[in-house]
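A.B. asks:
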Amino acid sequence: MTDGMFHNEPDGTTPLDDVSGLLRDDITTREQLDEAEGLNIVSAVDWIDRGRLGDVFTVSFYRQLHRRMYDQVWEWSGVLRSETGAQPNIGVPPAMVPSELGRVAMEFAESWQARSESLLPFIARYHHTLVWVHPFNNGNGRWARLACDAVVERLAREPRLVWATDTLNADSSERSTYIAALRQADAGDLQPLEEYLSEQNPDR
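Be aware that the sequence shown starts at 61, since it is given in my numbering, and climbs by one per residue.
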């Protein structure tokens, strides 16, 4: 297998320069990788739907969710960047990941309990913050969306959100809008991300 299948990634994805953690020798193309990850993620979604999750605002839950999403494909599933020797690239410095993730978990647990805002603005803030920390080597966007879905399903007792009519994992106009909204949130403006979620979920 070569690294070539990871070139020309969709905008906003973390470059996958190191494939040494890939668990399957039969994966040789980006399409095969996407399919394998997709099937793995289905099992994580089923766990959210059926499992006893416990507290969804904990570092333990965050790691378990990421592990369940990628454990059939990647050796580093559920492993924080601070534990992999990763270099600073996107998100907080690797050494700060555990403390920042713990801070986020505590902050949003308290924010949920005292919540006065409606669901979508809360989810927009939560999603952006999880992506901003960028705790894992890869898969952070999909992981953050599922972490938000766990809040929606288990705490708000509502159906999972629609994040896109097609897929956010490949180049599309929706992905471009979503990535642009995240970048505006990085600059302190959450309104575009809230508007994106509202457009995808008009009945919420």
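The beta-carbon is built from N, C-alpha and C at its ideal position, and this holds for glycine as well.
1) Name the residue from T225, L206, P153 and S142 whose alpha carbon lies nearest to the alpha carbon of V102.
2) From R112 to E218, what does the alpha carbon distance come to, in whole angstroms?
3) In its own chain, which residues sit with a C-beta less than 6 Å from the C-beta of L179, not counting the 5 before and 5 after it?
4) Between R128 and the rest of its own chain, which residues show a CB-CB distance below 6 Å, the 5 nearest in sequence each way excluded?
5) Given this structure, state the Cα-to-Cα distance separating M61 from V79, to the nearest angstrom.
6) Would DSSP call W136 helix, strand or coil?
7) Here's the rule: buried if 16 or more other CB atoms are within 10 angstroms of the residue's CB, otherwise exposed. What is A184?
8) Using the C-alpha atoms, what's the distance from L221 back to H194?
9) Taking only three categories from DSSP, how would you classify L125?
10) Under a Cβ-count criterion, where at least 16 other Cβ atoms within 10 Å of its own Cβ denotes burial, should E97 be classed as buried or exposed?
11) From what residue to what residue does the alpha helix (DSSP H) around A104 run?
12) Would the region 227 to 244 count as touching the region 136 to 151 if we require 3 or more Cβ pairs under 8 Å?
13) Alpha carbon to alpha carbon, how far is W172 from P262?
14) I'd like to check one pair, F168 with F121: are the Cβ atoms closer than 8 Å?
15) Let's see if you can read the secondary structure: which residues bound the alpha helix (DSSP H) around D246?
16) Just list the residues that DSSP pairs L82 with in beta bridges.
17) So, under 8 Å CB-CB, E234 and D226 are touching, yes? Tell me the CB distance rounded to an integer number of Å.
C.D. replies: Concretely, from the data shown:
1) V102 has its Cα closest to that of L206, out of T225, L206, P153 and S142.
2) If you take the alpha carbons of R112 and E218, they lie about 16 Å apart.
3) Closer than 6 Å at Cβ, skipping near neighbours: A216.
4) Cβ within range, chain order: A104 and W107.
5) Note that M61 has pLDDT 39, beneath the 50 cutoff, so the model's placement of it is unreliable and no number is given.
6) If DSSP states are grouped into helix, strand and coil, W136 belongs with coil.
7) With 16 or more Cβ atoms within 10 Å of its Cβ, A184 is classed as buried.
8) Distance between the alpha carbons of H194 and L221 is about 21 Å.
9) L125 carries a helical assignment under DSSP once its states are collapsed to helix, strand and coil.
10) Per the 10 Å Cβ criterion, buried.
11) Per DSSP, the unbroken alpha helix (DSSP H) holding A104 starts and ends at R90 to R110.
12) No: fewer than three Cβ pairs fall under 8 Å.
13) Rounded to the nearest whole angstrom, the C-alpha separation of W172 and P262 is 22 Å.
14) For F121 and F168, no; Cβs fall outside 8 Å.
15) Counting along the chain, the alpha helix (DSSP H) containing D246 begins and ends at S233 to D246.
16) BP columns for L82 point to W134.
17) Sure, about 6 Å apart at Cβ, within 8 Å.
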